[in-house]
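Q: If you read the protein sequences in the order shown, they are chains A and B.
Here this note's numbering runs 22 ahead of the position in the first sequence, where the first position is 1.
Here this note's numbering runs 376 ahead of the position in the second sequence, where the first position is 1.
Every residue, glycine too, gets a C-beta built ideally from N, C-alpha and C.
None of these values were measured; they are calculated from a predicted model.
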Amino acid sequence: MTPNPYLFIVIFVCVAVVVPLLPLGLAWLWRRFFQPPKPGPAKLSIYECGVESLGDAQIQFRSQYYLYAIIFLIFDVEAVFLVPFAVAFTALPVGAFVAILVFLLLLIEGLIWAWGKGCLQWNR
Amino acid sequence: MKEEIDEGLRTELQRQGVWVTSMQELYNWGRKNSIWPLQFGLACCAIEMIATAASRYDIARFGGEIFRPSPRQADLMIVAGTVTKKMAPQIVRLYNQMPDPKYVIAMGACAISGGPFKQGYNVLKGIDRYIPVDVYIPGCPPRPEALLHAFMELQRKIDTQKLSGEQKAEFLKPEQPSEFPVPAFGEHDLEPPANPDLFQPPVIERQS
């Protein structure tokens, strides 16, 4: 009788459960019988390179930043495509030149739209 | 664990292919060969520490190559360099955040006593004023061989630590503290200037 082909997955799952749990269990037994736990305020405090932590870990960013992310994306994508375009410029056919021009115009249109909306002004 | 295994019996058994050990020996053997130091350097001694960890001297031969960037995973703190008074609270806090068992090597003249900067207004005169030090290495800076020697001394110390009984290791005693008070910045000096439980300077008695 051939074993079930899924048997290996069952064995694999068992090993994956036992291998992490065994050291944790041993560590628990060790702590239970030998090593007395010594928690303390300094030991349990947040690790920040030895400096006492200030404030909360969950700080809030202003939602205004999303505009900068979008405008950055315009220039970023533009630069990524402009470099190979400039390198291969002399060997390009007319169709490719028109295609990249359309692409650039689309990005420039986005920039003009952002400019017109006043997104380049930093509002305090 | 109560009694040491008889050496003669052990060698006789080994000759027959039977390896006898105790829980204590196994435990100490395991942890003495995997001492993970905390990755931080303070001054020029840190350069020697880096050289010790690099390929020429290779602290990995002794199981100490995994320099941990977090005190939670570290067993050993190598105080490598001049401890300024500005830095001392951070070092004590890092030591406090390390889990037991933890060991300290004071590397170089500065970490031992302030070294050539002892007269400086901003230099701590030895890290043993605030945290217990296991091995001191003199030198300015100590050569990598000296650090390796200190590492082996620490391994020797770990090997002799007992798991039970009256003589058991400090970190196994529930009444022994695991963390030490962090000094604060005072008007002229750190407050307190030393931990009186750890550091008792020798009293000089002059005969008149």
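(1) Could you tell me the distance, in whole angstroms, from the CA atom of L95(A) to the CA atom of P115(A)?
(2) What residue from A422(B), L524(B) and I423(B) has the CA that sits closest to R437(B)'s CA?
(3) Judging by CA-CA distance, which residue of K494(B), A456(B) and L530(B) is the nearest neighbour of N409(B)?
(4) Using a Cβ distance threshold of 8 angstroms, determine whether the region 385–400 of chain B contacts the region 487–495 of chain B, with at least three qualifying pairs required.
(5) With 16 as the cutoff for other CB atoms within 10 Å, does N26(A) come out buried or exposed?
(6) In the DSSP assignment, what are the bridge partners of R444(B)?
(7) By the three-class DSSP mapping on this structure, what secondary structure does T536(B) have?
(8) Comparing alpha-carbon positions, which option in D382(B), F416(B), S584(B) and A456(B) lies nearest A522(B)?
(9) By the criterion of Cβ-Cβ separation under 7 angstroms, what are the contact partners of L585(B) in chain A?
(10) Relative to the alpha-carbon of I513(B), which residue among A427(B), I454(B) and G496(B) has its alpha-carbon at the smallest distance?
(11) Check the C-beta distance from V558(B) over to I503(B) and give it rounded, since I have them as a contact under 8 angstroms.
(12) Which residues bound the beta strand (DSSP E) around V109(A)?
(13) Quick check on P58(A) - is its C-beta less than 8 angstroms from some C-beta in chain B?
(14) Just by C-beta distance, which residues in the region 568–581 of chain B are closer than 9 angstroms to chain A?
(15) Strictly under 8 angstroms for the Cβ-Cβ distance: is G117(A) near chain B by that measure?
(16) Express the C-alpha separation of I93(A) and F111(A) in angstroms, rounding to a whole number.
(17) Can you tell me where the beta strand (DSSP E) holding L452(B) begins and where it ends?
(18) Any beta-carbon of chain B closer than 8 angstroms to the one on V73(A)?
(19) Hey, quick one: how far does the alpha helix (DSSP H) through M474(B) stretch, first residue to last?
(20) Can the beta-carbon of A64(A) be found closer than 8 angstroms to that of N472(B)?
(21) Note down the Cα distance separating A429(B) from V32(A), rounded to an integer number of angstroms.
(22) How would you list, in chain order, the residues of chain B whose beta-carbon sits under 7 angstroms from the beta-carbon of A64(A)?
(23) If distances are taken between C-alpha atoms only, which option among P475(B), F547(B), K544(B) and R532(B) comes closest to L414(B)?
(24) Near P520(B), which residues of its chain fall below 7 angstroms by C-beta distance, leaving aside the five closest residues on each side in sequence?
(25) Determine the chain A residues that contact R448(B) at a beta-carbon separation under 9 angstroms, and present them in chain order.
(26) State the Cα-Cα distance for the pair Y479(B) and L452(B), rounded to the nearest angstrom.
A: Here's the rundown:
(1) 28 angstroms
(2) Among A422(B), L524(B) and I423(B), the Cα nearest to that of R437(B) is on L524(B).
(3) L530(B)
(4) no
(5) Classified as exposed, N26(A) has fewer than 16 neighbouring CB atoms from the shown chains inside 10 Å of its CB.
(6) L414(B)
(7) helix
(8) A456(B)
(9) This structure gives no information on residue 585(B), because the portion of chain B shown stretches from 377 to 584.
(10) The shortest Cα separation from I513(B) among A427(B), I454(B) and G496(B) belongs to I454(B).
(11) With a Cβ gap of about 13 angstroms, V558(B) and I503(B) do not count as contacting.
(12) Careful: V109(A) lies outside any beta strand (DSSP E), inside the alpha helix (DSSP H) at Y87 to V109.
(13) yes
(14) none
(15) no
(16) 26 angstroms
(17) L452 to A456
(18) With respect to chain B, the C-beta atom of V73(A) has a partner C-beta closer than 8 angstroms.
(19) Per DSSP, M474(B) belongs to no alpha helix (DSSP H) and is neither H nor E.
(20) yes
(21) 43 angstroms
(22) R469, N472, Q473, E555 and V558
(23) P475(B)
(24) Closer than 7 angstroms at the Cβ level, and outside the excluded window around P520(B), lie E424, A427, T428 and Y433.
(25) Y69
(26) 5 angstroms
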